[in-house]
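Everything on this sheet refers to the single structure shown next.
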Amino acid sequence: MAEVVIVSSPEDAGTLVAAEIVRLVGRDPQAVLGLATGSTPLPVYRALRKQAAGVDLSGVRGFALDEYVGIAPEHPESYASVIRREVVEPLGLDPKLVHVPDGDPERIAVSGEEYERAIEAAGGVDLQILGIGTDGHLGFNEPGSSFASRTRVKTLTAQTRRDNARFFPSLDDVPRHCITQGLGTILRARHLVLLAFGAGKAAAVAGAVEGPLTASLPASAIQLHPHATVVVDEEAASQLRMAEYYRYAWENKPAGQGL
Ligand code: GLP
Numbered sequence: 322m323a324e325v326v327i328v329s330s331p332e333d334a335g336t337l338v339a340a341e342i343v344r345l346v347g348r349d350p351q352a353v354l355g356l357a358t359g360s361t362p363l364p365v366y367r368a369l370r371k372q373a374a375g376v377d378l379s380g381v382r383g384f385a386l387d388e389y390v391g392i393a394p395e396h397p398e399s400y401a402s403v404i405r406r407e408v409v410e411p412l413g414l415d416p417k418l419v420h421v422p423d424g425d426p427e428r429i430a431v432s433g434e435e436y437e438r439a440i441e442a443a444g445g446v447d448l449q450i451l452g453i454g455t456d457g458h459l460g461f462n463e464p465g466s467s468f469a470s471r472t473r474v475k476t477l478t479a480q481t482r483r484d485n486a487r488f489f490p491s492l493d494d495v496p497r498h499c500i501t502q503g504l505g506t507i508l509r510a511r512h513l514v515l516l517a518f519g520a521g522k523a524a525a526v527a528g529a530v531e532g533p534l535t536a537s538l539p540a541s542a543i544q545l546h547p548h549a550t551v552v553v554d555e556e557a558a559s560q561l562r563m564a565e566y567y568r569y570a571w572e573n574k575p576a577g578q579g580l
């Protein structure tokens, strides 16, 4: 099962996960990070900026999870822009080493497979940061996505478009399609770190960690992974039946294991 760590704030989650990334980069300065967008990973990127002061991140490689289809990479809300603004620039990563799926509708038939090959050529993702949608999506793998899926085009659900409308002038401006790493792609990363904060994520988190393994809740795929860590605040943990056990296991974790 996933290791569940219940923290008191998003900032504490950020500090914990950033420390794990610093350890990873200490072992391998060319480590490959799987980068998530959305609000949830921002505390990780902020904490990493503080903790990595003095650590050379210029060799770190990155692969974003997903991208909208049909908005230009220069659009401020394209994930290419978000990754550049929130991750590459503040952390001083080399933009040439950080990749985002190509959402150009003209290239969409081939860009998924190209992205898969690029991840493979990099040796795979070492640590994949994940958020979770209120409908349990990972990346943009909406309910029904195959656990074996690879990077491909998907149609966003009405719920995801409503959730993401806050980033656009109106709901009509939210793209209807995306290109996302598949659940099969995500499961090949060596370590999954899923973060979730707030009561709005509680049902999705409980389903992902303790619910049945089902494509209807794509994040339940993490139950198939040998090294998955779920870092949640109290609100996001509020529907976990085994919360007391997770706290006990974390408090009694053998020293020096990291996440
Ligand atoms: C988007 C992203 C997901 C992210 C989700 C949750 O749909 N494609 O990768 O996990 O939003 O976003 P937030 O973290 O803002 O709640």
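Residue numbers (the numbering used here): 322 to 580.
C-beta: ideal position from N, C-alpha, C; glycine also.
Item to check | Bridge partners - N462, DSSP secondary structure assignment | outcome: For the purposes of this step, residue 462 is taken as the residue at position 141 of the sequence shown. Answer by DSSP bridge pairing, in chain order: L459.
Next on the checklist: Per DSSP, what are the beta-bridge partners of G383 in this structure?
Outcome noted: Working through the sequence shown from its first residue, we reach residue 383 at position 62. The partner list for G383 (beta bridge, DSSP) reads L354 and V419.
Checklist entry - Would you report the Cα separation of P416 and Q560, rounded to the nearest angstrom? => result For the purposes of this step, residue 416 is identified with residue 95 of the sequence shown, where counting begins at 1. For the purposes of this step, residue 560 is identified with residue 239 of the sequence shown, where counting begins at 1. Straight-line Cα distance between these residues: approximately 40 Å.
Item to check | Test item, CB below 6 Å from any non-hydrogen atom of the ligand GLP | outcome: With the criterion CB distance below 6 Å from any heavy atom of the ligand GLP, the matching residues run A357, T358, G359, S360, T361, L386, D387, G452, I453, G454, G460, F461, T481 and N485 along the chain.
Checklist entry - Identify the residues that DSSP records as bridge partners of L414: which are they? => result Mapped onto the sequence shown, residue 414 falls at position 93. Answer by DSSP bridge pairing: none, since L414 is not bridged.
Checklist entry - Quick one, are the C-beta atoms of T501 and K475 less than 8 Å apart? => result Translated into positions along the sequence shown, residue 501 becomes position 180. Translated into positions along the sequence shown, residue 475 becomes position 154. It is a contact, given that the beta carbons lie within the stated cut-off.
Item to check | the segment 388–399 in contact with the segment 487–500 per 3-pair CB rule at 8 Å | outcome: yes
Item to check | Alpha carbon of Q578 to alpha carbon of E341, nearest angstrom | outcome: As a working note, residue 578 is residue 257 in the sequence shown. As a working note, residue 341 is residue 20 in the sequence shown. Their Cα atoms are separated by approximately 10 Å.
Checklist entry - In three-state terms, what does DSSP make of K371? => result Position 50 of the sequence shown holds residue 371. Helix at K371.
Checklist entry - By Cβ distance below 6 Å, which residues in the same chain neighbour E407 in space, the five residues on each side in sequence not counted? => result In the sequence shown, residue 407 corresponds to position 86, counting from 1. Closer than 6 Å at Cβ, skipping near neighbours: Y366.
Item to check | Which of helix, strand or coil DSSP assigns to V431 | outcome: Locating residue 431 in the sequence shown gives position 110, where the first residue counts as 1. The answer is helix: DSSP assigns V431 an H, G or I state.
Item to check | Nearest candidate by alpha-carbon position, reference S379, set V353, A357 and P364 | outcome: Within the sequence shown, the letter at position 58 stands for residue 379. Answer by Cα proximity: V353.
Checklist entry - Which residues mark the beginning and the end of the beta strand (DSSP E) in which R554 is found? => result Translated into the one-based positions of the sequence shown, residue 554 becomes position 233. Reading off the sequence, residue 554 comes out as Asp, not Arg. D554 -> beta strand (DSSP E) spans A549 to D554.
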